[in-house]
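S.K.:
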Amino acid sequence: MKQTNYKHWEKLDNTANLFPVIAGEHMTNTYRISCELNEMIDPNLLQQALDRILPRFPGFNLRLHTGFFWYYLEENGRPAPRVHEEDTYPCRLIQPNRNNHYLFRVTYYRKRINLEVFHAIADGMGGTTFLRELTYQYLRLAHPELKKALGDGLSDETSLNREDSFLRNFRKSSPPKYKLDKAMEISGEKLPYNGFGVMTGFMSVSQIKKVAKETYHTTINDYIVAAFIYATYRNFPDKAYQRPIRVAVPVNLRPYFNSNTTKNFFVMVSAEFRPDKDDYSFEEIVDMTSQSLKEQMTRENLEAIFSFNVSNQKILVARAVPLPLKNMAMKAFYQKSAHANTTTITNIGRVTVEDAYKPYISSFFCFLPFSTGQNLKAAITSYEDKLALVFSSALTDTSIERDVFRQLSRDGIEVEIETNGVF
């Protein structure tokens, strides 16, 4: 009897459904997470590491297919994409037909391993998990004594779970109040040739945590969001009176709903600033930002946000609509909502590694691609006592980034700044 080899396939999660619809050269939906080592990268060993790790990760061994009603993901099984030295700007669109149909790429530069991921397959947690295991495997190849001491399996803290946690935690609820009115847009002269500017500030986690907690009675995340709002307000006071400064903040839902999925599992909340007087202190903006975000960071509110999104997906009529018509509707909704935020600031959180690998690893950091209406974004990542605040920008003007770092410096935080040299 003839045997048929069935390939694993899976539906896109609720959030991921949008990404293939809006993806393009100027809207790549491709984020980057990097690991900086204390030694130069050997590209041959990095390729070997990727070849070994990829078959163990079903969530990355995938290709995107277009169905009649929905996009879906199917096991790829082709050789891993080729590792190469970084030769272009970060977060460029991934062309699957030039990448063995994979939805991620791996590059390197000097001591740095870069993983770029199309958001449809994983959010920051899933990307960090894959990059960490890729780094472990690389270090075991570069330092055989590590393999001898630790073996060659995946770390105990690595999840391969591909549950759709949106569906598992869906509850019928009242729809949340989405803010779709236009926010202030940071505009100006664009970098030439579709340039991608990167400015990174490295600082001590313990130092910034102490300032945020003891001086402003808030969290690191809220402190940085407030610093961004304050810098934007100071640079564009007239614009701020016309439209609100609104910062989208992705929230990792896993701690709230006991999930370890490597699929997307996050929602967006937003910190909003609408001035009604001529001069605000930084302390006032920190208080307003913290209060706004704290009110939204409840399990009930977060559940209401994603349950409302899932309920639209579960409508029988919508499920029966052919994909091209769904795409038109999703694009129209996205175009309406894309200008609702001035920027996005994401916090990947604290990346942990096993003790044996710590002497070889210097830092982790993340970049976000810019998108419609958002020419400047930021990402926060911490490892050990080093926090990286990375701004990605399409603009030549760096006033906001510089003013954010100046505020941190005024508060006594020592910041080491580096750029990719395009400004």
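Residue numbering for the sequence shown follows the working numbering, beginning at 304 and increasing consecutively. The beta carbon of each residue, even a glycine, is placed where N, CA and C say it ideally should be. Computed from a predicted model, the values in this text were never measured in an experiment.
Where in the stretch 611 to 695 do unbroken runs of the beta strand (DSSP E), each at least 3 residues long, occur, reported from the N-terminal end onward?
M.R.: Correct list: 646 to 654, 664 to 670 and 679 to 686.
S.K.: Would you tell me roughly how many angstroms separate the C-alpha atoms of N563 and E488, rounded to the nearest one?
M.R.: Position 260 of the sequence shown, counted from the start, is the residue given in the question as residue 563. Position 185 of the sequence shown, counted from the start, is the residue given in the question as residue 488. The alpha-carbon atoms of N563 and E488 are separated by roughly 35 Å.
S.K.: Under the three-state reduction of DSSP, which class applies to F322: helix, strand or coil?
M.R.: For the purposes of this step, residue 322 is taken as residue 19 along the sequence shown, with counting starting at 1. Reduced to three states, the DSSP call for F322 is helix.
S.K.: Keeping to the same chain, check which residues put their C-beta closer than 6 Å to that of C669; ignore five residues upstream and five downstream.
M.R.: Residue 669 sits at position 366 when you count from the first residue of the sequence shown. Counting only Cβ-Cβ distances below 6 Å, and skipping sequence neighbours, we find I336, I651, A682 and T684.
S.K.: Under 8 Å between the Cβ atoms of E377 and K310?
M.R.: Sequence index remark: in the sequence shown, residue 377 carries index 74 (1-based). Sequence index remark: in the sequence shown, residue 310 carries index 7 (1-based). Their beta carbons are under 8 Å apart, which means E377 touches K310 by this criterion.
S.K.: Return the chain-ordered list of same chain residues with a C-beta closer than 8 Å to the C-beta of R537, the five sequence neighbours on each side being excluded.
M.R.: On the sequence shown, residue 537 is found 234 positions in, with the first residue counted as 1. Around R537: D706.
S.K.: Note down, in chain order, each residue of its chain lying with its Cβ closer than 7 Å to the Cβ of L442, except the 5 sequence neighbours on either side.
M.R.: The residue labelled residue 442 in the question sits at position 139 within the sequence shown. Excluding sequence neighbours, L442 sits near L449, Y660 and Y663.
S.K.: Let me know the secondary structure DSSP gives S468 once reduced to three states.
M.R.: Within the sequence shown, numbered from 1, the residue matching residue 468 stands at position 165. It is helical.
S.K.: For K314, I'd like the list of residues in its chain whose CB is within less than 8 Å of its CB, leaving aside the five on either flank, ordered along the chain.
M.R.: The residue labelled residue 314 in the question sits at position 11 within the sequence shown. Correct list, in chain order: W373, Y375, L376 and D467.
S.K.: Taking the runs of the beta strand (DSSP E) that are 3 residues or longer, which of them lie wholly in the stretch 483 to 526?
M.R.: You should have 500 to 507.
S.K.: For a test of the three-state rule: what should DSSP assign to T565, helix, strand or coil?
M.R.: If you number the sequence shown from 1, residue 565 lands on position 262. Reduced to three states, the DSSP call for T565 is coil.
S.K.: Rounded to whole angstroms, what's the CA-CA distance from E492 to L453? Just pull it up for me.
M.R.: To locate residue 492, count along the sequence shown from 1; it is residue 189. To locate residue 453, count along the sequence shown from 1; it is residue 150. About 52 Å.
S.K.: If you measure between the beta carbons of A423 and L406, is that distance less than 8 Å?
M.R.: Residue numbering aside, residue 423 sits at position 120 when the sequence shown is read from its first letter. Residue numbering aside, residue 406 sits at position 103 when the sequence shown is read from its first letter. Their beta carbons are under 8 Å apart, which means A423 touches L406 by this criterion.
S.K.: What is the DSSP secondary structure of D714, counted as helix, strand or coil?
M.R.: Your numbering for residue 714 matches position 411 in the sequence shown. Note: D714 maps to coil in three-state DSSP.
S.K.: In or out: E436 buried (at least 16 other Cβ within 10 Å) or exposed?
M.R.: Against the sequence shown, residue 436 aligns to sequence position 133. So E436 counts as buried.
S.K.: Look at the alpha carbon of L619 and the alpha carbon of F569, and state the distance between them as a whole number of angstroms.
M.R.: The count along the sequence shown starts at 1 and reaches residue 619 at position 316. The count along the sequence shown starts at 1 and reaches residue 569 at position 266. Reliability of the predicted coordinates at L619 is poor, the pLDDT of 49 falling under 50, and the value obtained from them is presented with this limitation in mind. Approximately 24 Å, taken between the alpha carbons.
S.K.: Determine, using beta-carbon pairs with one atom in the stretch 383 to 395 and one in the stretch 426 to 434, whether at least three such pairs fall under 8 Å.
M.R.: Touching, no, given that fewer than three Cβ pairs across the two stretches are closer than 8 Å.
S.K.: Measure the CB-CB distance between G645 and I527 and report whether it falls below 8 Å.
M.R.: On the sequence shown, position 342 is the one that residue 645 refers to. On the sequence shown, position 224 is the one that residue 527 refers to. According to the sequence as given, residue 645 is Thr; it is not Gly. No, the pair does not count as a contact, with Cβ atoms beyond the cut-off.
S.K.: Three-state secondary structure (DSSP) at G412?
M.R.: Residue numbering aside, residue 412 sits at position 109 when the sequence shown is read from its first letter. Checking the sequence shown, residue 412 turns out to be Tyr, not Gly. In this structure, Y412 counts as strand in the three-state DSSP scheme.
S.K.: Looking only at its chain, what residues have a beta carbon closer than 7 Å to the beta carbon of E339, apart from the 5 residues adjacent to it on each side?
M.R.: As a position in the sequence shown, residue 339 is number 36, starting the count at 1. Excluding residues within five positions, the ones whose Cβ falls inside 7 Å are K414, R415, S665 and S666.
S.K.: Roughly how many angstroms lie between the CA atoms of L698 and D459, to the nearest whole one?
M.R.: Against the sequence shown, residue 698 aligns to sequence position 395. Against the sequence shown, residue 459 aligns to sequence position 156. The alpha-carbon atoms of L698 and D459 are separated by roughly 42 Å.
S.K.: Output the boundary residues of the alpha helix (DSSP H) element that contains N347.
M.R.: Counted from its first residue, the sequence shown places residue 347 at position 44. N347 -> alpha helix (DSSP H) spans P346 to I356.
S.K.: Considering only the alpha carbon of each residue, which of R408, R465, L470 and Y439 lies closest to L457?
M.R.: Indexing the sequence shown from 1 puts residue 457 at position 154. Nearest option by C-alpha distance: Y439.
S.K.: Do you know how far the Cα of L418 is from the Cα of A607?
M.R.: Residue 607 sits at position 304 when you count from the first residue of the sequence shown. Residue 418 sits at position 115 when you count from the first residue of the sequence shown. For A607 and L418, the distance between alpha carbons rounds to 32 Å.
S.K.: What distance in whole Å lies between the Cβ atoms of S593 and E575, which are believed to be in contact at a cut-off of 8 Å?
M.R.: Position 272 of the sequence shown, counting from 1, holds the residue named residue 575. Position 290 of the sequence shown, counting from 1, holds the residue named residue 593. Not a contact, Cβ separation roughly 13 Å.
S.K.: Less than 8 Å between C-beta atoms, sequence neighbours within five positions excluded: which residues of the same chain meet that for M304?
M.R.: Counting from 1 along the sequence shown, the entry for residue 304 is found at position 1. Any reading at M304 must be qualified, since the residue scores a pLDDT of 43, below 50, and its modelled position is unreliable; the value itself is stated next. Same-chain partners within the cutoff: there are none.
S.K.: DSSP puts C338 in a beta bridge; with which residues?
M.R.: Within the sequence shown, residue 338 is the residue found at index 35, counting from 1. Looking at the DSSP assignment, C338 forms a beta bridge with I416 and F667.
S.K.: Could you check which residue in T722, T369, R602 and H329 has the C-alpha nearest to that of V572?
M.R.: The sequence position of residue 572 within the sequence shown is 269, counting from 1. Of the listed residues, the one whose Cα sits closest to V572 is R602.
S.K.: Here's a check: name, in chain order, each residue in its chain whose Cβ is nearer than 6 Å to the Cβ of A641, leaving out the five neighbours to either side.
M.R.: Position 338 of the sequence shown holds residue 641. The answer, listed in chain order, is T675 and G676.
S.K.: Which one or two residues does DSSP pair with M728 in a beta bridge?
M.R.: Outside the shown range of the chain (304 to 726) lies residue 728, about which nothing can therefore be said.
S.K.: Tell me the rounded alpha-carbon separation between F469 and P553.
M.R.: Here residue 469 refers to the residue found at position 166 of the sequence shown. Here residue 553 refers to the residue found at position 250 of the sequence shown. Going from the Cα of F469 to the Cα of P553 covers about 15 Å.
S.K.: Going by alpha carbons, who is nearest to I703 out of T391, D484 and A529?
M.R.: Here the question's residue 703 lines up with position 400 in the sequence shown. For I703, the nearest C-alpha among the options comes from A529.
S.K.: Could you tell me how far apart the beta carbons of G362 and R465 are, in whole angstroms, since I believe they sit closer than 8 Å?
M.R.: Against the sequence shown, residue 362 aligns to sequence position 59. Against the sequence shown, residue 465 aligns to sequence position 162. Going by Cβ atoms, the distance from G362 to R465 rounds to 5 Å, so yes, they are a contact pair.
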